[in-house]
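The block underneath contains the structure these notes are about, expressed in structure tokens.
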Amino acid sequence: MLVQLKNISKWVNSGGQKTFLLKDVDLWVHEGDFISIMGPSGSGKSTLLNIIGMLDNFNEGEYTFLEESVHSLKEKHRANLYKQYIGFVFQAYHLIDELTVKENLEMPLLYKKHSSSERKSLVADMLDRFNIVGKKDLFPSQLSGGQQQLVGIARALIASPKLILADEPTGNLNSKQGDEIMEIFTELNKDGVTIIQVTHSEKNAGYGSRIINLLDGKIE
Amino acid sequence: MYTLYFKIAIRYLLKNKLYSVINILGLSIGVASFILIMVYVNYERSYDSFDGSEDVYRVYMDYKQGDTFVPGDAQTYNLTGPTIKNKFPEVLEQVRLYKFDEVVFTYNNKIFKEKDGALADPSYFDIFKYPLLKGDLNSVLQEPNTIVLTQNLATKLFRDENPIGKDIVAFSAGNEVLLRVTGIMNNVPKTTHMKTNFLISYATIHTWDTFGNYYREPNWNQNHFFTYFKVDKNTNIDALKSKIIAWDFQGNFRERHNIESLEDIHLYSNKPYEAEVNGSAVRVKFLTAIAIVILVLAWLNYINLSTTKSLERTKEVGIRKVAGAQRAQLGIQSVIESMILNFGAILLAICISIFVLSIYNKATGSELALTVETIKQLSPVIAIVILAILLVSLYPAWVLSSYSPSKALKGKIRASANGLHIRKGLIITQFLATIVLVMSTIVITKQINHLQNQPLGTSLNNIIAFSGELLTKKDAVLEKKYEVMKNEIMKLPYVTHVVTSNTFPGDGFGNLSSSVGITYPDGTQDDHNVNYSYEVNNPEYFEMMDMKFVAGSTFLPNHKEKNQQVVINEKMAQMIGISNPKEGVGKKIKFWNEEWNITGIVKNYHHFGLKASVIPIIIRYSKVDNYMLVKFDTTITSASGYTQAITQIENVWKQTFPESTFDYTFVDKQFDAQYDDDRQFNKVFRAFTILAICIAALGLFGLTSYTCVQRKKEIGIRKVNGASIFKILKLLNIDFIKWIGIAFVIAIPIAWYAMNSWLENFAVKTTISWWIFVLAGIVTLVITLLTVSWKSFVAASGNPVNVLRDE
Chain A
591 MLVQLKNISK
601 WVNSGGQKTF
611 LLKDVDLWVH
621 EGDFISIMGP
631 SGSGKSTLLN
641 IIGMLDNFNE
651 GEYTFLEESV
661 HSLKEKHRAN
671 LYKQYIGFVF
681 QAYHLIDELT
691 VKENLEMPLL
701 YKKHSSSERK
711 SLVADMLDRF
721 NIVGKKDLFP
731 SQLSGGQQQL
741 VGIARALIAS
751 PKLILADEPT
761 GNLNSKQGDE
771 IMEIFTELNK
781 DGVTIIQVTH
791 SEKNAGYGSR
801 IINLLDGKIE
Chain B
117 MYTLYFKIAI
127 RYLLKNKLYS
137 VINILGLSIG
147 VASFILIMVY
157 VNYERSYDSF
167 DGSEDVYRVY
177 MDYKQGDTFV
187 PGDAQTYNLT
197 GPTIKNKFPE
207 VLEQVRLYKF
217 DEVVFTYNNK
227 IFKEKDGALA
237 DPSYFDIFKY
247 PLLKGDLNSV
257 LQEPNTIVLT
267 QNLATKLFRD
277 ENPIGKDIVA
287 FSAGNEVLLR
297 VTGIMNNVPK
307 TTHMKTNFLI
317 SYATIHTWDT
327 FGNYYREPNW
337 NQNHFFTYFK
347 VDKNTNIDAL
357 KSKIIAWDFQ
367 GNFRERHNIE
377 SLEDIHLYSN
387 KPYEAEVNGS
397 AVRVKFLTAI
407 AIVILVLAWL
417 NYINLSTTKS
427 LERTKEVGIR
437 KVAGAQRAQL
447 GIQSVIESMI
457 LNFGAILLAI
467 CISIFVLSIY
477 NKATGSELAL
487 TVETIKQLSP
497 VIAIVILAIL
507 LVSLYPAWVL
517 SSYSPSKALK
527 GKIRASANGL
537 HIRKGLIITQ
547 FLATIVLVMS
557 TIVITKQINH
567 LQNQPLGTSL
577 NNIIAFSGEL
587 LTKKDAVLEK
597 KYEVMKNEIM
607 KLPYVTHVVT
617 SNTFPGDGFG
627 NLSSSVGITY
637 PDGTQDDHNV
647 NYSYEVNNPE
657 YFEMMDMKFV
667 AGSTFLPNHK
677 EKNQQVVINE
687 KMAQMIGISN
697 PKEGVGKKIK
707 FWNEEWNITG
717 IVKNYHHFGL
727 KASVIPIIIR
737 YSKVDNYMLV
747 KFDTTITSAS
757 GYTQAITQIE
767 NVWKQTFPES
777 TFDYTFVDKQ
787 FDAQYDDDRQ
797 FNKVFRAFTI
807 LAICIAALGL
817 FGLTSYTCVQ
827 RKKEIGIRKV
837 NGASIFKILK
847 LLNIDFIKWI
857 GIAFVIAIPI
867 AWYAMNSWLE
877 NFAVKTTISW
887 WIFVLAGIVT
897 LVITLLTVSW
907 KSFVAASGNP
917 VNVLRDE
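If you read the protein sequences in the order shown, they are chains A and B.
If you're matching positions, the first sequence starts at 591 in this note's numbering and goes up one per residue.
If you're matching positions, the second sequence starts at 117 in this note's numbering and goes up one per residue.
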């Protein structure tokens, strides 16, 4: 079992009342799963993804990641955990504008104590794998949206995570680019990477092996 | 990893060009101003410091003024030095210097007019450690008729010849002496109050006719000598000072000796009969204050801009956190960025300083220099500032990294209330400093104008003072020759007056006699007050100088006691108890054991310029010829007209005295030159105030251009909902007006206090009027609004659709 969520709730206080973003969510994710989370705007998809990614806290419930209970971990350990096992892909790509493609890919490795030669070979591998060797010295602003997202995925993968979390990875792309990204996800999944994606699109959700529908913070 | 930090930092700076330029420019102007001012301040403070200078003291005279002693004379008696050395064992060595106004040397038929020289005891080199390059340190200056030259002067006189053993002729006040060169000393630095180009052995006083007996005989009457002494390192100087003050050296209760540290003379001493016009500690303090204010302003600017701007980078911080960066790593990056920017700015500042200094030195002949020493000296201050900047640069990184990455990624972090308060405080401080500087500039300018527009009580226009050294032995017919020459000059068509005298207004203390002890017309003996006097040879003097008589008239050439006549000023009349000037005429006063008839009383006039108040003065009728004052009529209007007239006078002079030197000075210009330092201070102050305003404006510009970007969505929404451009401008500018208001209120007392203490330096003070403050406030407000509105108007007048489409 990779991820185990039990009775997870998250709320915010507004005007003395609790507004639930997530309520009693239970979720199991096995290694090798490809899960699509669907639901209308405001249903809590991104919040759920952020909690799984340990970018956000929750108010109630238990979260176990690879036998570690995340809810009782200190922030630093939690950060180490996601650094090691989780890669993120965002709708808005979130590449650093001041860095080239190559440097963006290298960036996560800098925080993980890899030697310079190791970093170079890992980056070269990624550039190769995604066919973007020719773009390695360009800045994000010089790339199309699809290309930027390719870099985003490559960056998420560079530290060989067990789990990829993708928040509407095709949201800013046209359908052809979107299809390409989804193909890549399918490939990755075949290679054994677990993927959880949030999506609005039925078609993209179809690439996954399991679909979870959220409505008003609850799993349907 | 660090290379990556550098890369990001440099790319970020290049990408945000406006921000980078404003920051680097603001900082480097600030730091350069600081460096430049401090270079000058250090120069002023470096006066008279050499190996062992901290143990050297100068003796001066205190005179009794009413019931208290005040510094009365920088010069002392010829007995002072030797007696002090004998009497006080702490004193290891003493030296007496008699400073010449000017000595004319001739060598190989060439004439050299040299200022800055003195008679000096052989002990000179024990006290002033200026290296002797040639000559024997043990015997130099021992024998009469010997001279030591600085290297510069030696080269000037002798070119490539070996000067040692050569004889030169020296002239002073028409008396010549043959001097043998026995030593060459290193050039004395410009940073001394006692500029020196040559030293003549003290023993020459007995062989040179220019010195009368009252110079030669040991006495407690004539103080014409600067006395310096060196003490043992372990001396309790306060105790020695008290002993010297208490020392009753000749049963004279009207005066006493006092001492001051050699190193303090240039900045802290301003006594009558100084060796030169000294600097001013107050001026140096004010300049130091400006330097620090400008540095702090530039720094505040930087902090303000960089913290504001850093909020823009929440997304990047979020990405880094997600990629696994820890808080410390985020901190390091922002510190590296600050360092690049700051060191870049400092390097640029050093370049600017060196460039400006080289231009300034060329233009003014100064020798200010940014040396490694100066940089070392300034580096603690700059280091503190940089350290503070680095700490401050950690702050935004710290704040940003405390947010959860999911929030940071959404870019939803706004400045906390705390951060806003701090920024408000910073901006108000900036305004405060700016307003204080503007207020001060206005007061200083007003004071300088005030000085220039004061009635002097005399008119110095079109008067030229001629002087020269006769290079022949004085003869019996000299006086006749003068009279003939004066008549010749009088015949020139544009000359209205020719008068000889031993000094004139604006000439300084040098040629003025001073004494304590005078008997009033009613018989009262006054032993408390100093009176000053000078000599004039012609009754027309007062007419020429446009000095108005309130009673009596000028000297009477046919009077039976011709040479016992004096004219006094109102202040003197008051001092000696004459309340009705009319009654004063014809009365007698007594000083120097002689009786003097008062023939007239003139209105008060400023003999020393307006920094000092009017002093009591006595003008004696006497045969003198130090200066020949010539007044031209107003038909000469051009500079070439003056040159022609002066050439004609020179011709007459040279006909009368074929072997002589010839000099002249415009009296009004020389009088005016007394304010040169103040005028320069005003210029410097104004220049740096403008710089400070520029820095502040630059910062405001950066800040508003950033807030406008930040608030563009808000502005767009307001416009869509019907807000006018004016409303939006008001929205964006109202804060600044509030802040200026607060700063203005705090600035008033600070500026008032600062300027009041500056005006203490002047006897004639301008008023610090209310409108100065208002004007300064308005100036600041207008500059601020112009700066701020430039950007906010663009933001306010833009099409809201363009802004909202981004969302």
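Beta carbons are placed, not taken as given, at the ideal position from N, Cα and C, and that holds for glycine.
Would you kindly report the start and end of the unbroken alpha helix (DSSP H) that includes B/E376?
Taken as a continuous stretch (DSSP letters only), B/E376 belongs to no alpha helix (DSSP H), being part of the beta strand (DSSP E) at E371 to S377.
Identity of the residue in A/T637, A/G634, A/F678 and A/E621 nearest A/E657 by Cα:
Of the candidates A/T637, A/G634, A/F678 and A/E621, the one whose C-alpha sits nearest the C-alpha of A/E657 is A/E621.
Does any residue of chain B have a CB that is nearer than 8 Å to the CB of A/A756?
Not one chain B Cβ lies under 8 Å of A/A756.
Please list, in chain order, the chain E residues whose beta carbon lies closer than 7 Å to that of B/K829.
In the structure shown, chain E does not exist; the protein chains are A and B.
On the DSSP bridge assignment, give the partners of B/T781 in chain order.
Beta-bridge partners of B/T781 (DSSP): B/A581.
Roughly how many angstroms lie between the CA atoms of B/A761 and B/M744, to the nearest whole one?
Each residue's Cα considered, the two are about 15 Å apart.
Measuring CA to CA, which of B/A867, B/Y822, B/F842 and B/I888 is closest to B/L134?
Checked all of B/A867, B/Y822, B/F842 and B/I888; the closest Cα to B/L134 is B/Y822.
Looking only at C-alpha atoms, which of B/Y223, B/I227, B/T772 and B/F216 sits nearest to B/K234?
The question names Lys, yet the displayed sequence has Ala at residue 234 of chain B. For the residues B/Y223, B/I227, B/T772 and B/F216, the minimum Cα distance to B/A234 belongs to B/F216.
Can you say whether B/F974 is buried or exposed, counting buried as having 16 or more other CB atoms within 10 angstroms of its CB?
The question about residue 974 of chain B has no answer, for chain B in this structure spans 117 to 923.
Neighbourhood of B/T561 by C-beta distance below 8 Å, restricted to the same chain and skipping five residues each side:
The answer, listed in chain order, is N798 and R802.
Amino acids of chain B, ordered along the chain, whose beta-carbon sits closer than 7 Å to that of A/M697
The contacting residues are A439.
Residue range of the unbroken beta strand (DSSP E) whose run includes A/G796:
Looking at the DSSP string, A/G796 is not in any beta strand (DSSP E), and its letter there is neither H nor E.
Hey, B/N849 and B/L814: beta-carbon distance below 8 Å or not?
Their beta carbons are not under 8 Å apart, which means B/N849 does not touch B/L814 by this criterion.
Contact set between B/I435 and chain A, taken where Cβ atoms lie within less than 7 Å
Per Cβ cutoff of 7 Å: H684 and I686.
With a threshold of 6 Å on Cβ separation, who are the neighbours of B/P732 within its own chain once the five nearest residues in sequence on each side are excluded?
Answer for B/P732: N647, K687, M688 and M691, listed in chain order.
Which value, in whole angstroms, describes the spacing of the CA atoms of B/Y330 and B/G757?
Looking at the two C-alpha atoms, the distance is approximately 45 Å.
Taking the alpha carbon of B/S422 as the point to measure from, which residue in B/Y214, B/I809, B/I714 and B/V137 has its own alpha carbon closest?
Closest by C-alpha distance to B/S422, out of B/Y214, B/I809, B/I714 and B/V137, is B/V137.
Residue environment, B/K835, which counts as buried when at least 16 other CB atoms sit within 10 Å
With a threshold of 16 other beta carbon atoms within 10 Å, B/K835 meets it and is buried.
Taking only three categories from DSSP, how would you classify B/V682?
Note: B/V682 maps to strand in three-state DSSP.
A/S626, DSSP secondary structure in three states:
Residue state for A/S626 is assigned as strand, using DSSP reduced to three classes.
Looking at chain A, is there any beta carbon in it that lies within less than 8 Å of the beta carbon of B/Q445?
Chain A, which has a Cβ nearer than 8 Å to the Cβ of B/Q445, makes this yes.
For B/L129, count neighbouring Cβ atoms within 10 angstroms of its own Cβ and tell me buried if that reaches 16, exposed if not.
With 16 or more Cβ atoms within 10 Å of its Cβ, B/L129 is classed as buried.
Listing by chain order, which chain B residues have their CB less than 7 Å from the CB of A/Y701?
Those are A439, G440, A441 and Q445, listed as they occur along chain B.
Considering only C-alpha positions, which residue in the set B/T903, B/S396, B/D232 and B/K492 is nearest to B/N877?
Considering only B/T903, B/S396, B/D232 and B/K492, the residue with the shortest C-alpha distance to B/N877 is B/S396.
Using the beta-carbon of each residue, which ones in chain B are nearer than 9 Å to A/D646?
For A/D646, the C-beta contacts it makes with chain B under 9 Å involve S520, P521, S522 and K523, in order along the chain.
Going straight from the alpha carbon of B/V926 to that of B/S776, what length do you get?
Nothing can be reported for residue 926 of chain B, as the shown portion of chain B is limited to 117 through 923.
Starting from B/K431, find everything on chain A with Cβ-Cβ shorter than 8 Å and list it in chain order.
Neighbours of B/K431 on chain A, chain order: H684.
Quick check on the DSSP output: what are the complete alpha helix (DSSP H) runs of length 4 or more inside the segment 281–337 of chain B, in order along the chain?
With a minimum length of 4 residues, the continuous alpha helix (DSSP H) runs that stay inside the segment 281–337 of chain B are 329–332.
Kindly identify the DSSP beta-bridge partner or partners of A/A756.
Bridge partners of A/A756: A/V679 and A/Q787.
C-alpha gap between B/K727 and B/A879, whole angstroms:
Computed Cα separation, rounded: 5 Å.
Less than 7 Å between C-beta atoms, sequence neighbours within five positions excluded: which residues of the same chain meet that for B/E766?
Counting only Cβ-Cβ distances below 7 Å, and skipping sequence neighbours, we find F778.
What residue range is occupied by the uninterrupted alpha helix (DSSP H) comprising B/T619?
Careful: B/T619 lies outside any alpha helix (DSSP H) and carries neither H nor E.
Can you give the Cα-Cα distance for B/W712 and B/G197, rounded to whole angstroms?
B/W712 and B/G197: Cα-Cα distance of roughly 34 Å.
Are at least three pairs of beta-carbons, each pair with one atom in the segment 332–346 of chain B and one in the segment 293–304 of chain B, less than 8 Å apart?
Touching, no.
Residues of chain B with a CB under 7 Å from the CB of A/K673: which are they?
At a C-beta separation below 7 Å, A/K673 has these neighbours in chain B: G440.
Check whether the Cβ of B/A504 sits closer than 7 Å to any heavy atom of the ligand ZN, and report yes or no.
This structure lacks the ligand ZN, and indeed carries no ligand of any kind.
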